[in-house]
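Enquirer: With the numbering used here as the guide, the letters of the sequence shown map in order to residues 1 to 200.
Don't be surprised by glycine CBs; every beta carbon is placed ideally from N, CA and C.
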Amino acid sequence: MNQPRHTESHLPRSPELMSRHDTALLVVDVQGKLIGLIGDHARIIWNIGRLIEAAKALKLPIAVTEQYPRGLGPTVAELARQLPPPAEKVAFSCGACPEIFASWTAKGVQRVLVAGIESHVCIQQTVFDLLAAGYRVYVPVDALGSRFEIDHQTALRRMEASGAVLTTTEAAMFEWCEAAGSPEFKEISRLVRETPPEAS
C-alpha cells in the first residue's frame with residue numbers, strides 16, 4: 001500500500017506519524033468528581049481542551065465517554081461545551097461503547113489518540129482493547145493522569161511496551177496539521193502559544 005506523501009517533500013510520510021485523514025480523538029471520563037483528585041488537573045484539562053480545538057479545526061472525528069455519570073457526574077463544563085454528546089459506560093474500557101466504533105468504521109479511522117483519566121484504569125484498558133482491535137494508538141502523556149504518580153508512570157510504561165505510541169499534546173497537534181501556511185496552521189499556532197495554567 002502506498003503511503004501518503006508529505007505536502008512539501010517527495011519522501012513518503014512515515015506510518016509512525018498521525019494523519020488528520022485517518023485519526024480520531026477519544027476523550028475519556030474527564031468528569032468533575034474524578035478530575036479534581038488528580039494532581040495538576042488544570043493543566044490536563046487545558047491540554048485536552050487544546051486537543052479538542054485542534055481536532056475540530058482539522059475536522060478529526062471526536063468521541064467522548066463518561067464513566068457512570070449518575071455517580072461521578074458529567075464531563076467538566078469547560079470541555080463539555082466543545083464536545084459531542086458522551087457515550088455512557090460502566091465498563092472501564094471504552095471498548096464497551098459500540099456506537100463509537102461504528103462511527104469510526106464509517107469514517108475510515110485507523111489511528112486513535114486517547115486522552116483523559118485515569119491512566120491506569122480506563123485509559124489503559126481502552127488502549128489495550130484498541131490495540132487488540134487493530135488500531136494504531138497514541139497516548140499524549142500530558143493530557144492524562146492518575147491520582148497517584150506511580151500508577152500513571154507504570155501505566156505509561158505498560159502501554160508503550162504493548163505497542164502504544166507515547167506523545168505530547170503539542171506534538172500531536174503538529175502531526176495532525178503536517179505543514180505550515182494553511183488556515184488550520186494558524187489555529188494550531190495560536191493553540192501552541194497559549195499560556196498554560198498554574199499548577200493545580
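I need the straight-line Cα distance from Ser-162 to Ile-123, nearest angstrom please.
Expert: If I take the Cα positions, the gap works out to 13 Å.
Enquirer: On a Cα-Cα basis, can you pick out the residue from Leu-156, Gln-110 and Thr-169 that is closest to Asn-47?
Expert: Selected option, being the one with the closest Cα: Thr-169.
Enquirer: Taking DSSP as the reference, what is the three-state secondary structure of Gln-110?
Expert: Residue state, collapsed to three classes: coil.
Enquirer: Have a look at Ser-14 and Ala-180 and give me their C-alpha separation to the nearest angstrom.
Expert: Computed Cα separation, rounded: 18 Å.
Enquirer: Per DSSP, what kind of secondary structure is Pro-84 in: helix, strand or coil?
Expert: Of the three classes helix, strand and coil, the one that applies to Pro-84 here is coil, per DSSP.
Enquirer: When the Cα of Ser-182 is compared with those of Val-28, Val-114 and Leu-58, which residue comes out closest?
Expert: Per the Cα distances, Leu-58.
Enquirer: Just checking my contact of Leu-25 with Ala-55 at CB under 8 Å: how many whole Å lie between their CB atoms?
Expert: Rounded, the Cβ-Cβ distance is 4 Å, consistent with contact.
Enquirer: Of all the alpha helix (DSSP H) runs that stay within the bounds of the segment 19 to 74, which reach a length of 4 or more residues?
Expert: Segments of the alpha helix (DSSP H) lying fully in the segment 19 to 74: 32 to 35, 41 to 57 and 69 to 72.
Enquirer: Measure the C-alpha to C-alpha separation of Gln-153 and Gly-73 and round it to an integer number of angstroms.
Expert: About 26 Å.
Enquirer: Using a threshold of 7 Å, is the CB atom of His-10 nearer than that to any non-hydrogen atom of the ligand GTP?
Expert: As far as ligands go, the structure on display features none, and thus does not contain the ligand GTP.
Enquirer: Please state the DSSP three-state secondary structure of Gly-116.
Expert: Three-state DSSP puts Gly-116 in a strand.
Enquirer: Would you decide whether His-10 is buried or exposed? Buried here means 16 or more other CB atoms lie within 10 Å of its CB.
Expert: With fewer than 16 other Cβ atoms within 10 Å, it is exposed.
Enquirer: Distance check for Tyr-138 and Ala-132, CA to CA, integer angstroms please.
Expert: Those two C-alpha atoms are separated by around 14 Å.
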